[in-house]
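Remarks on the structure that follows.
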Amino acid sequence: MSTDLNMEYQEVKFGEIAKNISKRVEPSETTLEIYVGLEHLDPDSLKITRHGVPSDVAGQKLLVKKGQIIFGKRRAYQRKVAVADWDCICSAHAMVLEAIPEKILPEFLPFFMQSNQFMERAVDISEGSLSPTIKWKNLENQSFLMPNIDEQQKVIDRALALDKVRIVNNQLLNKKTEIINLLFNCESNSINKIYLGDICEIIRGASPRPKGDPRYYGGDIPRVMTADMNRDGKVVYPCIDFLTEEGAKKSRLLPQGSLIMICSGGVDTVGLPSFLGVDACIHDGIIGLSNLNKNICIPEYLYYYLKINQFNLNANATHGGVFVNLTTDILKKFVLNLPSVDIQKKLVKKANMIEQTFKMLEQKLKLIDSMYVNNLIN
Numbered sequence: 001m002s003t004d005l006n007m008e009y010q011e012v013k014f015g016e017i018a019k020n021i022s023k024r025v026e027p028s029e030t031t032l033e034i035y036v037g038l039e040h041l042d043p044d045s046l047k048i049t050r051h052g053v054p055s056d057v058a059g060q061k062l063l064v065k066k067g068q069i070i071f072g073k074r075r076a077y078q079r080k081v082a083v084a085d086w087d088c089i090c091s092a093h094a095m096v097l098e099a100i101p102e103k104i105l106p107e108f109l110p111f112f113m114q115s116n117q118f119m120e121r122a123v124d125i126s127e128g129s130l131s132p133t134i135k136w137k138n139l140e141n142q143s144f145l146m147p148n149i150d151e152q153q154k155v156i157d158r159a160l161a162l163d164k165v166r167i168v169n170n171q172l173l174n175k176k177t178e179i180i181n182l183l184f185n186c187e188s189n190s191i192n193k194i195y196l197g198d199i200c201e202i203i204r205g206a207s208p209r210p211k212g213d214p215r216y217y218g219g220d221i222p223r224v225m226t227a228d229m230n231r232d233g234k235v236v237y238p239c240i241d242f243l244t245e246e247g248a249k250k251s252r253l254l255p256q257g258s259l260i261m262i263c264s265g266g267v268d269t270v271g272l273p274s275f276l277g278v279d280a281c282i283h284d285g286i287i288g289l290s291n292l293n294k295n296i297c298i299p300e301y302l303y304y305y306l307k308i309n310q311f312n313l314n315a316n317a318t319h320g321g322v323f324v325n326l327t328t329d330i331l332k333k334f335v336l337n338l339p340s341v342d343i344q345k346k347l348v349k350k351a352n353m354i355e356q357t358f359k360m361l362e363q364k365l366k367l368i369d370s371m372y373v374n375n376l377i378n
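Our numbering puts the first residue of the sequence shown at 1, with every later residue one more than the last.
What follows is the structure, encoded as structure tokens:
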């Protein structure tokens, strides 16, 4: 095996270019203020844009120093690897890694770990069926072709240049909600104040008990979970949980196109609406808005209205620690300020045009992401 860093490529074992840091921490005893779980990592992104706090979790976690790499060793197909911007603790379902400088440029390691070469191997060596996981003793012995130092530096320079483009695009994408908010807030003519409960039926989802009972679970009828909504956005296609016909009778089955809303969870997600892409049952952390009176409010307008007013909804919710809960009674009394249906249709048309424009921008961003690592490394 070559270790000459002046060669164009060298074959190295992963354990020769990276080391696994496995220092355990009790969340209740640490003075650190940030907790990073796998749910806080975005696929194919080295940036950590959200996090929790140690009081959110129990059980031993891993200590992370600023600049170290957090790699999701569970379900590696999700391609979660990121660089910590601060000292923190992270999920024990991750590995904390750092480069061995004499073998690799430290800045290059996270880019290499995003490559198909690395990720495909990580999936191949994962063990287990329900939650496939990577063991360090297997990963450290995997051999990879590594570019020489000069080529590594070129990858870093090009990736950082592309990253600047990605940052600008992300800044533009973050303006979408702001633009739609301004559009809706500027229209103040013919406003009618009305309770949400007066124009639709508000239905809370249900989970058959006992959980996992084969009489109720494992059938063909999809049930929407909050994770489905967080993943899909405006139109949700459930793919996590499925019920039998008996299970569906003990849940709440809604038709395709129904407007639903997260009603239990973290403050950032509670109140977020989506449309059902298929007929589906809904989890008890979700509320369905059914039989909407379209003579007063059209569904897409209500979707945008609820999204814009998410934090107004949360202000009326019950708070228990880090969790927020919107009850059906709270939602029934939530006051809507509605313009005429004609104006609603005009606003929705404009909002949809804005959505389409930003969708094109998102596609451009995905194209940049596809260039980001693999076209540079491979």
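Built from N, CA and C at the ideal position, the CB exists for glycine as well.
If you follow the alpha helix (DSSP H) that residue i is in, where does it begin and where does it stop?
| i | result |
| --- | --- |
| D124 | 116 to 124 |
| L247 | For the sequence presented, residue 247 should be read as Gly rather than Leu. Note, G247: alpha helix (DSSP H), 245 to 249. |
| N295 | No alpha helix (DSSP H) holds N295; DSSP gives it neither H nor E. |
| L139 | 136 to 139 |
| L109 | 108 to 113 |
Only counting the same chain, and skipping five residues up and downstream in sequence, which positions put a Cβ closer than 8 Å to that of residue i?
| i | result |
| --- | --- |
| I89 | V25, P27, T30, L32, I34, Y35, V36, P54, K61, L62, L63, V64 |
| D382 | With the chain covering 1 to 378 only, the question about residue 382 has no answer from this structure. |
| N291 | C200, E201 |
| I191 | N337, L338, P339 |
| S258 | F275, L276, G288, L289, S290 |
| P43 | Q78, R79, K80 |
| Y304 | I180, F184, L347, V348, A351 |
| E8 | P147, N148, E151 |
Examine the ligand HEM and report whether any of its heavy atoms sits within less than 7 Å of the Cβ of residue i.
| i | result |
| --- | --- |
| V165 | The model depicted lacks the ligand HEM and carries no ligand whatsoever. |
Hey, quick one: how far does the beta strand (DSSP E) through residue i stretch, first residue to last?
| i | result |
| --- | --- |
| G15 | Premise fails: G15 lies in the alpha helix (DSSP H), 14 to 17, not in any beta strand (DSSP E). |
| P147 | 143 to 147 |
| M261 | 259 to 262 |
| F71 | 69 to 72 |
| K80 | Element bounds for K80: n/a, residue is neither H nor E. |
| C200 | Looking at the DSSP string, C200 is not in any beta strand (DSSP E), and its letter there is neither H nor E. |
| L336 | 335 to 338 |
| I191 | From DSSP, I191 is part of no beta strand (DSSP E); its letter is neither H nor E. |
Tell me, which residues are paired with residue i by DSSP?
| i | result |
| --- | --- |
| Y301 | DSSP, once it has assigned bridges, lists no residue as partnering Y301. |
| A280 | L254 |
| N325 | S264, T318 |
| S274 | I260 |
| T30 | DSSP output for T30 lists no bridge partner at all. |
| N20 | L97 |
| E11 | L145 |
| F242 | P222 |
| E127 | T133 |
| L160 | DSSP, once it has assigned bridges, lists no residue as partnering L160. |
| I330 | Answer by DSSP bridge pairing: none, since I330 is not bridged. |
Please classify residue i: does DSSP put it in a helix, a strand, or coil?
| i | result |
| --- | --- |
| N174 | coil |
| N352 | helix |
| I100 | coil |
| F385 | There is simply no residue 385 to check, as the chain begins at 1 and stops at 378 in what is shown. |
| Y237 | coil |
| M225 | coil |
| F311 | helix |
| L63 | strand |
| G205 | coil |
| V36 | strand |
| R231 | helix |
| G48 | In the sequence on display, residue 48 carries Ile and not Gly. It is coil, neither helix nor strand. |
| D213 | coil |
| L347 | helix |
| V168 | helix |
| I179 | helix |
| D4 | Reliability of the predicted coordinates at D4 is poor, the pLDDT of 42 falling under 50, and the value obtained from them is presented with this limitation in mind. Residue state, collapsed to three classes: coil. |
| V155 | helix |
| V53 | coil |
| L289 | strand |
Under a CB-based cut-off of 8 Å, is residue i close to chain C?
| i | result |
| --- | --- |
| A58 | You won't find chain C in this structure, because it holds only one protein chain. |
Who are the near neighbours of residue i in its chain, counting only those whose CB is closer than 6 Å to its CB and skipping five residues on each side?
| i | result |
| --- | --- |
| N138 | I125 |
| M113 | V81 |
| L365 | N169 |
| Q152 | L105, F108 |
| E140 | F14, G15 |
| D4 | Only weak support is given to the placement of D4: the predicted model assigns it a pLDDT of 42, under 50, and the value that follows is read from those uncertain coordinates. Once the five neighbours on either side are set aside, D4 has no close Cβ partner at all. |
| K103 | E16, I17 |
Pop quiz: residue i and residue j are said to be a contact at Cβ under 8 Å. What is the actual Cβ separation, rounded to whole angstroms?
| i | j | result |
| --- | --- | --- |
| I308 | F184 | 6 Å |
| I134 | A84 | Going by Cβ atoms, the distance from I134 to A84 rounds to 19 Å, so no, they are not a contact pair. |
| N314 | V267 | 6 Å |
| I48 | V96 | Actually they are not in contact, since the Cβ atoms of I48 and V96 sit about 13 Å apart, beyond 8 Å. |
| F144 | F118 | 7 Å |
| Y301 | Q344 | 4 Å |
Suppose the cutoff is 7 Å on Cβ atoms and the five residues either side in sequence are ignored; what does the same chain contact list for residue i look like?
| i | result |
| --- | --- |
| K176 | I354, F358 |
| T269 | T226, N230, I262 |
| L400 | With the chain covering only 1 through 378, there is no way to say anything about residue 400. |
| D220 | F242 |
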